[in-house]
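Visitor: Quick note on numbering: the sequence shown equals residues 6 to 227 in the numbering used here. All C-beta atoms in this analysis are idealised placements derived from N, C-alpha and C, irrespective of residue type, glycine included. Below is a structure I'd like to ask you about.
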Amino acid sequence: MNNNFPNFSQTKILVIGDLMLDKYIDGKTNRVSPEAPVPIVKVTGEKERAGGAANVALNLAKLNCTVGLMGITGNDEDSQVLSETLSDKNIRKYFLKSNDYKTIIKLRIISRKQQLLRLDFEKKVPLILANQLYENFKKIVNEYDVVLLSDYDKGTLVNAHRFISDCNKLNIPIIVDPKQIDFTIYRGASLITPNLKEFELMVGECNTKEEIVDKGSKLIKD
């Protein structure tokens, strides 16, 4: 780790968002399938990594923050694997597991360090689970200094406005990494961090830095 990072060990951050397990299959490709014009991959290895909001929590833990992670998974083996990728990382896990939902999987096929294909196994989080997660949040939010919403538009944060409202009442700063086109659902957040594509989806195309600043200032005011 870069020793120039400040010590954030006294900061307690609660990350809430869409949990995913990233899977990677590595292999060699030497020929094309006779069945279709696609490469044949001879598998040589597999690995799993924390994805989505879980990756955000992992990055914060590497900065020495005390991190809590809330999200929804299936009550399945992939949820257990995801939990294991976060073990020994100083992350408190508040997983809401359901038998009626499957953990989101992003499966990538890799050969010669190139991604050949990605398969997404996902469904929208049921509203009943999103509501239950919010109820669980209310029980622990007072234990944290900052709340971070990591939104990948999978349904976990359909109650974003309720999380934000509660944090404002408690005077807890709340940061949002957005995925929704309508940023008004994040109104009241302390900080919103869209990339340029996400920003332009909300305010329209920006052709100059000045236009970004002007539209960004208006968005902040709104």
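1) Between which two residues does the beta strand (DSSP E) carrying glutamine 119 extend?
2) Starting from phenylalanine 142, follow the alpha helix (DSSP H) in both directions and report where the run begins and ends.
3) Sort Glu205, Asp182, Leu124 by Cα distance to serine 195 and report the nearest one.
4) Suppose you measure from the CA of leucine 74 to the CA of glutamate 40; what does that come to, to the nearest Å?
5) Do you know how far the Cα of valine 86 is from the Cα of lysine 118?
6) When the Cα of leucine 63 is compared with those of Asp93, Val208, Asn35, Glu210, which residue comes out closest?
7) So, using beta-carbon positions, are leucine 134 and isoleucine 77 closer together than 8 Å?
8) Using only CA atoms, which one of Asn141, Cys70, Ser84 lies nearest to arginine 167?
9) DSSP has arginine 97 in a bridge; who is on the other side?
10) If you reduce the DSSP assignment to three classes, tell me which class asparagine 8 lands in.
11) Look at the alpha carbon of lysine 184 and the alpha carbon of aspartate 158, and state the distance between them as a whole number of angstroms.
12) Output the boundary residues of the beta strand (DSSP E) element that contains serine 116.
13) What did DSSP end up calling tyrosine 29 once you bin it into helix, strand or coil?
14) Please identify the residue among Asn176, Ile225, Glu205 whose C-alpha is closest to the C-alpha of isoleucine 197.
15) Identify, in the order they occur along the chain, each residue of the same chain with its Cβ nearer than 6 Å to the Cβ of leucine 24, setting aside the five sequence neighbours on each side.
16) If glycine 32 sits next to valine 46, beta carbons under 8 Å apart, how far is it from one beta carbon to the other, in whole angstroms?
17) In this structure, what does DSSP give as the bridge partners for serine 92?
18) Could you work out which residue in Asn136, Ser116, Ile169 is closest to arginine 36 when comparing CA atoms only?
19) Measure how close the beta-carbons of threonine 108 and leucine 138 come, nearest whole angstrom, since I'm counting them as under 8 Å.
20) Along the chain, where does the alpha helix (DSSP H) that runs through arginine 167 open and close?
21) What separation, rounded to the nearest whole angstrom, lies between the Cα atoms of serine 88 and leucine 19?
Guide: In short, the structure shows the following:
1) 119-126
2) 132-145
3) Asp182
4) 45 Å
5) 24 Å
6) Asp93
7) yes
8) Ranking the options by Cα distance to arginine 167, first place goes to Asn141.
9) Note: arginine 97 sits in a beta bridge opposite Gly73.
10) Interpretation of asparagine 8 is limited by its pLDDT of 48, a score under 50 that renders its predicted location unreliable; no figure is taken from the coordinates.
11) Rounded to whole angstroms, the separation of the alpha carbons of aspartate 158 and lysine 184 is 6 Å.
12) 109-116
13) When DSSP states are grouped into helix, strand and coil, tyrosine 29 belongs to the strand group.
14) Ile225
15) Gly57, Ala58, Ala59, Gly76, Thr78
16) 4 Å
17) Partner(s): none; serine 92 has no beta bridge.
18) For arginine 36, the closest alpha carbon among the candidates Asn136, Ser116, Ile169 is that of Ser116.
19) Contact flag wrong, Cβ pair sits at about 15 Å.
20) 165-174
21) Straight-line Cα distance between these residues: approximately 16 Å.
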